[in-house]
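The sequence shown maps to residues 18 to 314 in this note's numbering.
Just so it is clear, CB atoms sit at the ideal spot from N, CA and C, and this is done for glycine as well.
Model, not experiment: these values are computed from the prediction.
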Amino acid sequence: MEDDDILDTTHDDSTDGGSGGAGGDAPDAPAPRPQSLMLTFFGNHVLDEGQLCVYSGSIIDVLGRVGVGEQAVRSTLTRMVNRGLLCRQREGRRMYFGLTPQAVRVLEDGRVRIWQQGAVNDDWDGSWTLLGFSLPDSWKRQRHDLRSRLAWSGFGALYSGLWIAPGDVDVSAVVAELGLTERVKIFHARADTATDIELMVRDTWDLESIAARYVAFDKRWTAHLGAGSGHDPIATRLRLVSEWLGTIRTDPRLPAAHLPRAWPAGPAQETFRRVADQTASPARRTARALLETTPMR
Numbered sequence: 018m019e020d021d022d023i024l025d026t027t028h029d030d031s032t033d034g035g036s037g038g039a040g041g042d043a044p045d046a047p048a049p050r051p052q053s054l055m056l057t058f059f060g061n062h063v064l065d066e067g068q069l070c071v072y073s074g075s076i077i078d079v080l081g082r083v084g085v086g087e088q089a090v091r092s093t094l095t096r097m098v099n100r101g102l103l104c105r106q107r108e109g110r111r112m113y114f115g116l117t118p119q120a121v122r123v124l125e126d127g128r129v130r131i132w133q134q135g136a137v138n139d140d141w142d143g144s145w146t147l148l149g150f151s152l153p154d155s156w157k158r159q160r161h162d163l164r165s166r167l168a169w170s171g172f173g174a175l176y177s178g179l180w181i182a183p184g185d186v187d188v189s190a191v192v193a194e195l196g197l198t199e200r201v202k203i204f205h206a207r208a209d210t211a212t213d214i215e216l217m218v219r220d221t222w223d224l225e226s227i228a229a230r231y232v233a234f235d236k237r238w239t240a241h242l243g244a245g246s247g248h249d250p251i252a253t254r255l256r257l258v259s260e261w262l263g264t265i266r267t268d269p270r271l272p273a274a275h276l277p278r279a280w281p282a283g284p285a286q287e288t289f290r291r292v293a294d295q296t297a298s299p300a301r302r303t304a305r306a307l308l309e310t311t312p313m314r
């Protein structure tokens, strides 16, 4: 199971609500997958509270606020337990769910991506990480898994078996986890002065699609900021963080100096942080009043 699969936020038909989500908290926003919303919920309201389990009824209530039906929530909880992301704990007739160490690692990785790295890479040191691999034709799943993990780590394909990422990117643990250490070669290098880096960046990554996602995010959430108060804070923050993670997970954080002028990541990030600041305290208060929890055994 790959982190990018876990955090994939593309639309899933098991989300019952419309594109705007419950309460209209993000007009025209795409509906993230229930699993992404579930992880975002735990990241927002459980990760920093110590080892707690949350009552399934509370989870159903919260995800219902963003349009996910009860049956979809229950099936997602079961699926995430089976995938090793959640643990199940019974208290009397009630079932509670908590984070596993694997889920904690995934959420902490997402937190670094969101709050520490940010969407704008303006301190690039000029280095690149190159990764070459050659896999047998029959290893389709391994090839897919490796490419997915590389894309999540910011790599793009220079050629079929040669991938590149800006900066010093350590993917040795990823390669080892996939059992491909002997099939992969990793180098750290700098471009020759004759290399047109802007051209290489345009050829290697789909800049138009990356930019379009930032523009769409900024447009949706700027509209939210202008709509005034009255939104459900816990639902708004849940959609906000889930959608932002879905936006930045497709962005390799390319050097700002080699991107088109007026690159939209900066304005979109500023909008994200404004809404995040606006909803943090109200969402926290709502969660404390709403969630029934128990210590993890």
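Query, Result
"Beta carbon proximity, residue 153 to chain D, threshold 8 Å", "Absence of chain D from the displayed structure is noted, only one protein chain being present."
"Touch test, the region 59-70 against the region 294-310, Cβ-Cβ under 8 Å, three pairs minimum", "yes"
"Residue 206 versus residue 146 - alpha carbon distance", "6 Å"
"Enclosing alpha helix (DSSP H) for residue 180 [first to last residue]", "Run containing residue 180: none in the alpha helix (DSSP H); it sits in the beta strand (DSSP E), 179-183."
"CB contact flag (residue 59, residue 79, <8 Å)", "no"
"DSSP bridge partner residues for residue 176 (one or two, in chain order)", "179"
"Three-way DSSP call (helix, strand, coil) for residue 248 in this model", "coil"
"Simplified DSSP state of residue 196, which is helix, strand or coil", "coil"
"Coarse secondary structure for residue 81, derived from DSSP in three states", "helix"
"Residues sharing a beta bridge with residue 310, DSSP", "71"
"Distance CB(residue 222)-CB(residue 143) smaller than 8 Å", "no"
"Residue range of the unbroken alpha helix (DSSP H) whose run includes residue 108", "Careful: residue 108 lies outside any alpha helix (DSSP H), inside the beta strand (DSSP E) at 103-108."
"Cross-strand partners of residue 112 (DSSP beta bridge)", "107"
"Residue from 202, 203 and 217 whose Cα sits closest to the Cα of residue 209", "217"
"Residues that residue 202 bridges to, as DSSP identifies them", "149"
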